[in-house]
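Counting in our numbering, the sequence shown runs from 13 upward without gaps.
Quick reminder that beta carbons are idealized off the backbone N, C-alpha and C, glycines included.
Since we're looking at a predicted model, the values are computed, not measured.
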Amino acid sequence: MSCLQDFPETDATETVTLLYLLNSTTATAPDSINDLGLWFKADALSASSGAAISNWTDSSGYDRHALNANGSSQPTYQANVLNGQPALYFDGNDDFLQSPYDIEYKTVTYLAVARFTKNWNPGWGAFGHRMYIMSQFGDFPENASGLFFNWAEVAGAGKSRISLRVTVEGIGNVQAGTDSNQNEWYLLSGQYDGDYVRLYSSGTLIDQSGLNAGDIRNASIGFDIARHLATTGGSDTHRFGGYIAEIILYTRSLSDSERRGVECYLGLKYNLSAGDGCE
Numbered sequence: 013m014s015c016l017q018d019f020p021e022t023d024a025t026e027t028v029t030l031l032y033l034l035n036s037t038t039a040t041a042p043d044s045i046n047d048l049g050l051w052f053k054a055d056a057l058s059a060s061s062g063a064a065i066s067n068w069t070d071s072s073g074y075d076r077h078a079l080n081a082n083g084s085s086q087p088t089y090q091a092n093v094l095n096g097q098p099a100l101y102f103d104g105n106d107d108f109l110q111s112p113y114d115i116e117y118k119t120v121t122y123l124a125v126a127r128f129t130k131n132w133n134p135g136w137g138a139f140g141h142r143m144y145i146m147s148q149f150g151d152f153p154e155n156a157s158g159l160f161f162n163w164a165e166v167a168g169a170g171k172s173r174i175s176l177r178v179t180v181e182g183i184g185n186v187q188a189g190t191d192s193n194q195n196e197w198y199l200l201s202g203q204y205d206g207d208y209v210r211l212y213s214s215g216t217l218i219d220q221s222g223l224n225a226g227d228i229r230n231a232s233i234g235f236d237i238a239r240h241l242a243t244t245g246g247s248d249t250h251r252f253g254g255y256i257a258e259i260i261l262y263t264r265s266l267s268d269s270e271r272r273g274v275e276c277y278l279g280l281k282y283n284l285s286a287g288d289g290c291e
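Okay, here's the thing in structure tokens:
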């Protein structure tokens, strides 16, 4: 009897099914993974569309809510923005929220669903205009990490990017980033694992830094949403303009399987691509 007779051909449908199962990822609720530090989701709020938000509830279980008592600089709640889910809208001028809690971490993972709408301003020049989704970033030495979009002048025109930046003790700022598009929704993940900064979009690795081994600086300030606190070069005026539906922060670098599970949770919730095999 031939080898082919001993091992008959596998049905093509069964093969495809097996490959799918081997490559599938089950969506994972963010709070089912250890070391969840912050979790802001617009659907945790009960508000009317257009209402100003003074308190974005932290769903991590630690009640590290993001606050702003000044009504003129509060973001607004917008219903049915993405796949039936709400988001907060930040005007790009002065809107922000702040979680005033210092959280220590040596490695980190950020995840976010966001879309920036703010237009390029030639006055920003090559220095650029950073639009932080969330950051723990003030003046030296109070700078630790941040996930942001950025406008900068390149070859005489505005060019936008997405980046994760961390400050590694003894080294300085290390980041990974790539080009981005205005008015496009992004499912973002960014990590620093003690060696490399990595940035993912829609579940796919899009950039990685060089080797920079160490720990993230322990800043003693809180986290800002839609701004950062550093004043160098007037950068405290840098504000995010657009929509943020969800932000998640872990105080460590997640494993690939953990990160993929949360990416799938976000992808299915907002009907955004999170890579193949989410269920």
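Quick one: grab the DSSP three-state call for residue i.
i: tyrosine 113; result: coil
i: threonine 216; result: strand
i: aspartate 236; result: strand
i: tryptophan 197; result: coil
i: glycine 254; result: strand
i: glycine 135; result: helix
i: aspartate 248; result: helix
i: alanine 91; result: strand
i: glycine 222; result: coil
i: aspartate 43; result: helix
i: alanine 231; result: coil
Provide the residue span of the alpha helix (DSSP H) that contains residue i, from first to last.
i: glutamate 270; result: 268–282
Ordered along the chain, which non-local residues of its own chain (more than five positions away) have a Cβ less than 6 Å from that of residue i?
i: asparagine 185; result: Arg177 and Thr179
i: arginine 272; result: Thr37
i: aspartate 227; result: Lys118 and Glu181
Roughly how many angstroms lie between the CA atoms of residue i and residue j, to the nearest whole one?
i: threonine 243; j: serine 85; result: 19 Å
i: aspartate 106; j: histidine 240; result: 11 Å
i: cysteine 290; j: leucine 199; result: 14 Å
i: lysine 281; j: asparagine 95; result: 8 Å
i: glycine 279; j: histidine 141; result: 28 Å
i: alanine 41; j: glycine 135; result: 42 Å
i: aspartate 114; j: alanine 156; result: 11 Å
i: glycine 206; j: isoleucine 233; result: 21 Å
i: phenylalanine 152; j: arginine 229; result: 10 Å
i: tyrosine 204; j: asparagine 92; result: 33 Å
i: serine 111; j: aspartate 70; result: 9 Å
Looking at the unbroken beta strand (DSSP E) that takes in residue i, where does it start and where does it end?
i: glycine 83; result: Taken as a continuous stretch (DSSP letters only), glycine 83 belongs to no beta strand (DSSP E), as it is neither H nor E.
i: leucine 163; result: Note on residue identity: the sequence assigns tryptophan, not leucine, to residue 163. Looking at the DSSP string, the run of the beta strand (DSSP E) that includes tryptophan 163 is 155–166.
i: serine 172; result: 169–180
i: tryptophan 51; result: 48–53
i: isoleucine 145; result: 141–149
i: arginine 127; result: 120–128
i: tyrosine 101; result: 97–103
i: alanine 286; result: Where alanine 286 is concerned, there is no enclosing beta strand (DSSP E), given that its DSSP letter is neither H nor E.
i: glycine 189; result: 184–191
Which whole-angstrom value is the C-beta distance of residue i and residue j, which I expect to be below 8 Å?
i: valine 209; j: alanine 188; result: 4 Å
i: valine 120; j: tyrosine 262; result: 7 Å
i: serine 72; j: leucine 48; result: 5 Å
i: leucine 123; j: serine 201; result: 5 Å
i: glycine 146; j: leucine 159; result: Residue identity check: residue 146 is methionine in the sequence provided, not glycine. Their Cβ separation, rounded to whole angstroms, is 6 Å, which keeps methionine 146 and leucine 159 in contact under 8 Å.
i: glutamine 148; j: alanine 231; result: 5 Å
i: leucine 79; j: isoleucine 237; result: Leucine 79 to isoleucine 237, Cβ: 10 Å. No contact.
Apart from the five residues on each side of it in sequence, which residues of its chain come closer than 7 Å, Cβ to Cβ, to residue i?
i: tyrosine 132; result: Note that residue 132 is tryptophan in the sequence shown here, rather than tyrosine. Around tryptophan 132: Trp163 and Gly170.
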